[in-house]
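Chains as they are written, first to last, in our numbering: chain L, 29 to 718; chain V, 196 to 585.
Where is the CB? At the ideal position from N, CA and C, for every residue including glycine.
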Ligand code: HEM
């Protein structure tokens, strides 16, 4: 207000003088403090800092995660200060409350003065004080006073001023002002902010917190079936505002939502039941999602007929003040028909494993042990964007995949992702299985080569034969016999070595072979022996392959067949690292999805919008309407007929523009010359200080 | 001394008399363009799109009247964009085979021209700061106009390119970092040119264009290292009418804050030079502190007003897309922080009448907060706004 204050100081009204002289009352001090700029700025800064904390410290994570990140000591402190939910922490709400109070006080304190300001033209000003204004001018005109005043009024009116005139003792004062909307702008911005905060408060979690304090509510922290959640964590339908989420599988329905709260949740009842008929993902040609949609059916006892409605992202359903949004999606328990293919001697005898996503199934392993498979997820469509050599974009559709974890009896195990269909990799087809230690790691892939029928048949046959000692011995003998480079006497030894090496390889890949050599051969001969052994091993593996092909009726070996063998050898070598006794092949599935809905009730929303509108209008009025006051004092010249004129003005901001405008006003009112025609001879400063 | 009233010019003629013939012509042209656009594409537009078209026509017509250079500028940009679109006909592949598209008319070519001219403009303005002549800064101004025009043309053509890539993708090109950086550079340049034309303080450009050149550098890096110019379909959350108004509004805000910060730099330099080398030529060349302060205030005011609108629009969009008008998502939160930063700045100025180096510093720090809100949040914090990821 500084400049307006300056105007008031310059021509103090009796009232304001008296006020200054009186000793301030205590309540007045409080009002002054609460509405003070210093407090306001302090609060603004405090709010800003608190907000920064809330973005640096990721909010609303599970508490176990925080405990790991910060350790028990800091975790206690952070949790105690509410730093994991800064924006609903009591101290944060207090800062906001103070801000609201401070702004309200400011409005309360300013409004009476403001209204008075707008009403009071202050025709009482003294000539002396007018002269002390930054923008003031003085002149002796030959014009008679009446004529001058008439002229002045015309200029003021044309320039949008409202004016009051008062004459005493032959001296006339015109007090004028314009841009009063600017002052209204001040009110609108600040009241707008208060309104926004009040509306937002109504939509916050304060009511729940109070009920928690009163002991009416208790957070549930366990993740248990809904039927086991105690009543103390249930919120009946009285709650006017909340925002929660619920996941509904296709064909299922829900009449509650879960409200996240600190390290747990509440269960909010709904007065209706939402059924998910179908969830869809619409896709662009690239395979990227273009839209998520849920066909909902609302069953409400108050309705004669259920309401059917499809929601999608950005297009929610507003039903009786409850807004239902498409927020996310997940698997809803897809049925998976899986063949567990043993990666050993029994490779040809698959085990049927029926399962569902989120289920666990126990599987007996060929060696008499048990493993547990936990189905984690199913993905209907996997699209990998690729750039080909020319940089042209291409999308590879990998088809369905499923994620699972395979655990031993102690509950330890790795994470896997298997694709249903074989995928093309550098010209050949493979069944892919990714494996990783934890969901945070990258997958390492096992590539099982697919045969000409796009099946695993040939690989399985080979694997089963390799694991069969009799077959190995037989093949080894053949290999030794067919080898012309060895003498008859060595045949026996070679055959035995070949069979042994194949056995080792079947069990543990090249690693097992290497270890065996290292344990038997002196260090300086290892290189030499290893080369020989690998040659013998490969001869054996090749021989075995010939056998497989022969059984299939393949006679001539093409490049394609040779490559298949290499891939098979690599795959068998990798199996030892794969750490699963099975390859799980997805035979068939019945896809079932779940839609993640966000359901909110926000009665304060329209209040917030009204406040926002006030704020925006207020800001524009504040910035773009310039509030100006002008005084013209005219009296008869002492030396004769003409008029002595004093002109002064003030504005609450935009000094530069105001000074320019004042110069114009002076030219029109006093010099009575057009501004547009710049004859500079008469241009003088309007500011007598310079 | 008495002059007949008619000769004095204090009586503002009515609004219709202040609109000159050329303004009428421009207004008629914008309306005609709007009508043609509706006639051509009306069948693809819902009522929001129609509202948006009317708003755009009204805004452009008003701009032409409010700031006359906009008239010629928008016509040239429009014609160039139409030229590019016409060259494409219905075949995106022409972008690489047609000479004119390859070097002038395509979105990508437009961005390159924008970059070149904005860099040249920066060089010219900086030269102008150290020279006694006004010539370099005038050249800088001309280049800035061309750069901004090329950028806007690029966006308009890209709009068409998106539809040509795949008609089902269609969206207005303000959906990813690449597109908004073009918008930011062009918009900030135009805002600057407006202030320059209103104040005549050409050497301000030597400071303001630096930040624009920096954003162009980022854009080029983003393009060459990440292939950001590739056209991708929208993620479902962005497929909303709100995006079209929320994003550009935001960038008026960011642009204003960026200009204010650079004028803050100019202010501090001037402040220092006035004490250390009051008579040096360079000291005289930098605009007066009062002028800088005044434009700095105006830039922050317009930035703040638009940023407020943008934040409210964002809240309304969030209410529709995420189910809550305010969810303390990091981007929202940083918008609030940024808003508070400038609200405090404005209070200091309004109520305490603060001017001077502190306010200049504040405006500079404000740019850091702006940058973090704009980019840092996407890079360092996770949240719902993560589609603008680097
Ligand atoms: C949109 C943003 C805001 C704008 C543009 C704004 C503008 C103003 C203006 C112009 C004044 C001075 C009154 C005058 O000179 O006529 C003022 C004073 C004040 N504002 Fe704000 N304000 C805003 C937001 C806030 C907020 C968020 C608070 C919260 C604390 C606040 C609290 C105050 C206080 C306490 C005063 C001092 C009142 C007094 O001197 O009695 N304002 N504001």
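Beta-carbon separation (whole angstroms), residue i vs residue j, contact threshold 8 Å
{"i": "residue 729 (chain L)", "j": "residue 222 (chain L)", "result": "A question about residue 729 (chain L) goes unanswered here, because the residues of chain L that appear run from 29 up to 718."}
{"i": "residue 349 (chain V)", "j": "residue 290 (chain V)", "result": "About 12 Å separates the two Cβ atoms, so there is no contact after all."}
{"i": "residue 454 (chain L)", "j": "residue 433 (chain L)", "result": "Wrong, their Cβ atoms sit about 30 Å apart, outside the cutoff."}
{"i": "residue 248 (chain L)", "j": "residue 293 (chain L)", "result": "6 Å"}
{"i": "residue 456 (chain V)", "j": "residue 541 (chain V)", "result": "In fact, because the Cβ distance is near 15 Å, the residues do not count as touching under 8 Å."}
Where the alpha helix (DSSP H) containing residue i begins and where it ends
{"i": "residue 606 (chain L)", "result": "587-606"}
{"i": "residue 347 (chain L)", "result": "Element bounds for residue 347 (chain L): not the alpha helix (DSSP H) but the beta strand (DSSP E), 345-347."}
{"i": "residue 23 (chain L)", "result": "Here chain L comprises residues numbered 29 to 718, so residue 23 (chain L) is not present and cannot be evaluated."}
{"i": "residue 255 (chain V)", "result": "242-261"}
Simplified DSSP assignment, three categories, for residue i
{"i": "residue 326 (chain V)", "result": "coil"}
{"i": "residue 196 (chain L)", "result": "strand"}
{"i": "residue 205 (chain V)", "result": "coil"}
{"i": "residue 426 (chain L)", "result": "coil"}
{"i": "residue 293 (chain L)", "result": "strand"}
{"i": "residue 446 (chain L)", "result": "strand"}
{"i": "residue 471 (chain L)", "result": "coil"}
{"i": "residue 710 (chain L)", "result": "Since pLDDT at residue 710 (chain L) reaches only 36, below the 50 mark, its modelled position is unreliable, and the value read off the structure follows with that caveat. Helix, per DSSP."}
{"i": "residue 279 (chain V)", "result": "helix"}
{"i": "residue 557 (chain V)", "result": "helix"}
{"i": "residue 70 (chain L)", "result": "helix"}
{"i": "residue 501 (chain L)", "result": "helix"}
{"i": "residue 438 (chain L)", "result": "coil"}
{"i": "residue 658 (chain L)", "result": "strand"}
Enclosing beta strand (DSSP E) for residue i [first to last residue]
{"i": "residue 482 (chain L)", "result": "Looking at the DSSP string, residue 482 (chain L) is not in any beta strand (DSSP E), and its letter there is neither H nor E."}
{"i": "residue 169 (chain L)", "result": "163-169"}
{"i": "residue 366 (chain V)", "result": "That residue, residue 366 (chain V), is in no beta strand (DSSP E); it is neither H nor E in DSSP."}
{"i": "residue 100 (chain L)", "result": "Segment 91-109 is the alpha helix (DSSP H) holding residue 100 (chain L); no beta strand (DSSP E) there."}
{"i": "residue 423 (chain V)", "result": "Unbroken run through residue 423 (chain V): none, as it is neither H nor E."}
{"i": "residue 553 (chain L)", "result": "First-last for residue 553 (chain L): undefined, no H or E at that position."}
{"i": "residue 382 (chain L)", "result": "379-384"}
{"i": "residue 323 (chain L)", "result": "317-327"}
Chain L within 8 Å of residue i, Cβ atoms only
{"i": "residue 574 (chain V)", "result": "no"}
{"i": "residue 584 (chain V)", "result": "Below a pLDDT of 50, predicted positions are generally treated as unreliable, and residue 584 (chain V), at 42, falls in that range; the measurement from the model is reported next regardless. Chain L contact via Cβ: absent."}
{"i": "residue 466 (chain V)", "result": "no"}
{"i": "residue 547 (chain V)", "result": "yes"}
{"i": "residue 531 (chain V)", "result": "yes"}
{"i": "residue 518 (chain V)", "result": "yes"}
{"i": "residue 361 (chain V)", "result": "yes"}
{"i": "residue 504 (chain V)", "result": "yes"}
{"i": "residue 535 (chain V)", "result": "yes"}
{"i": "residue 447 (chain V)", "result": "no"}
{"i": "residue 204 (chain V)", "result": "yes"}
{"i": "residue 521 (chain V)", "result": "yes"}
{"i": "residue 485 (chain V)", "result": "yes"}
{"i": "residue 390 (chain V)", "result": "no"}
Selection from the options that minimises the alpha carbon distance to residue i
{"i": "residue 473 (chain L)", "options": "L:445, L:427 and L:428", "result": "L:445"}
{"i": "residue 486 (chain L)", "options": "L:466, L:502, L:459 and L:464", "result": "L:459"}
{"i": "residue 437 (chain L)", "options": "L:397, L:175, L:279 and L:91", "result": "L:397"}
{"i": "residue 174 (chain L)", "options": "L:671, L:128 and L:101", "result": "L:671"}
{"i": "residue 375 (chain V)", "options": "V:507, V:530, V:445 and V:249", "result": "V:445"}
{"i": "residue 465 (chain L)", "options": "L:345, L:442, L:378 and L:212", "result": "L:442"}
{"i": "residue 147 (chain L)", "options": "L:185, L:298, L:212 and L:497", "result": "L:212"}
{"i": "residue 496 (chain V)", "options": "V:351, V:385, V:300 and V:558", "result": "V:558"}
{"i": "residue 481 (chain V)", "options": "V:400, V:530 and V:264", "result": "V:400"}
is_contact[residue i, chain V] using C-beta, thresh 8 Å
{"i": "residue 655 (chain L)", "result": "no"}
{"i": "residue 131 (chain L)", "result": "no"}
{"i": "residue 294 (chain L)", "result": "no"}
{"i": "residue 320 (chain L)", "result": "yes"}
{"i": "residue 49 (chain L)", "result": "Model confidence at residue 49 (chain L) stands at a pLDDT of 43, short of 50, so the residue's coordinates are unreliable; what they give is reported in the following sentence. For residue 49 (chain L), the answer is no, since every Cβ of chain V falls outside 8 Å of its Cβ."}
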